[in-house]
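The numbering used here puts the first residue of the sequence shown at 50, with every later residue one more than the last. Just so it is clear, CB atoms sit at the ideal spot from N, CA and C, and this is done for glycine as well. Since we're looking at a predicted model, the values are computed, not measured. Worksheet: one structure, shown below.
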Amino acid sequence: KLDYISGLNYTGLWLTPIHPSETYHKYDVDNYRAIDPKFGTLEDYDALVNKLHEKKMTMLLDLVVNHSSDTNQWFTKCMNAHRNKQTTNQYYNYYNVRELASGESVPSGYTKNGNLIYESRFWSGMPDLNLQNVLDEPDGYLAKELKDVFKFWLIDHNVDGFRLDAVTSYFTGEEEKNLE
50 KLDYISGLNY
60 TGLWLTPIHP
70 SETYHKYDVD
80 NYRAIDPKFG
90 TLEDYDALVN
100 KLHEKKMTML
110 LDLVVNHSSD
120 TNQWFTKCMN
130 AHRNKQTTNQ
140 YYNYYNVREL
150 ASGESVPSGY
160 TKNGNLIYES
170 RFWSGMPDLN
180 LQNVLDEPDG
190 YLAKELKDVF
200 KFWLIDHNVD
210 GFRLDAVTSY
220 FTGEEEKNLE
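Printed below as a string of structure tokens:
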């Protein structure tokens, strides 16, 4: 249908999240370097991008870096590192996780998991990534991981750009920091 789309004077496609996810909307990413099988394969995606580029059209992807799925391996490894008090584990600071103090109630925007709580502003299945860690450690594990995701799509799979989801929620209640 690319001829039809081009004939409507559109110059590209923008795909909402295409990554594997257990939800219908796919904004809770389980694997940032894969395509949900419901949408085809990575080879199908590459063929689509090639056809778009042959027609001088662009491909934009929605990219969710505010949060992931609670089934994402980064989250699972982060929670295990916190449970085992492995503060030097590379995944320890990937999410905003801390122990719930005795008698403390779970703050708004957090989810309880055993004696731990994690930030989850949208819902419990979408834990927030620790983007403060990216600012504090621009060469740290999480920053490198996110840069690798950008490279995977931009360089390895020729996406022309991203629509970054939830940018006003990167730092809850801190509009200036979100803009930064």
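DSSP, reduced to helix, strand and coil, places F211 within a strand of the structure shown.
Rounded to the nearest angstrom, the Cβ distance from M128 to L165 is 7 angstroms, consistent with a contact under 8 angstroms. Nearest neighbour of F199 by Cα position, chosen from L51, N99, V113, turns out to be V113.
Using a Cβ distance threshold of 8 angstroms, P66 and Y76 count as a contacting pair. Around the beta carbon of P187, fewer than 16 other beta carbons lie within 10 angstroms, which makes this residue exposed.
Residues L110, L112 of the same chain have their beta carbon placed closer than 6 angstroms to that of F211, with the five preceding and five following residues left out of the count. V78 carries a coil assignment under DSSP once its states are collapsed to helix, strand and coil. E194 and Y144 have their C-alpha atoms spaced approximately 13 angstroms apart. Cβ neighbours of Y141 within its own chain (closer than 8 angstroms, five residues either side excluded): C127, A130, H131, Q135.
Burial state of L180 is buried, judged by a 10 Å Cβ sphere holding 16 or more other Cβ atoms. Contact between the segment 90 to 100 and the segment 152 to 170 is absent: fewer than three C-beta pairs spanning the two stretches fall below 8 angstroms. Judged by DSSP secondary structure, W63 falls within the beta strand (DSSP E) whose first and last residues are 61 to 64. The C-beta distance from H102 to N207 rounds to 7 angstroms, short enough to fall under 8 angstroms.
Contact check for G61 and D185: beta-carbon distance about 35 angstroms, past the 8 angstroms limit, so the pair fails to qualify. Of the residues assessed, S70 falls on the buried side of the cut-off, its CB having 16 or more other CB atoms within 10 angstroms.
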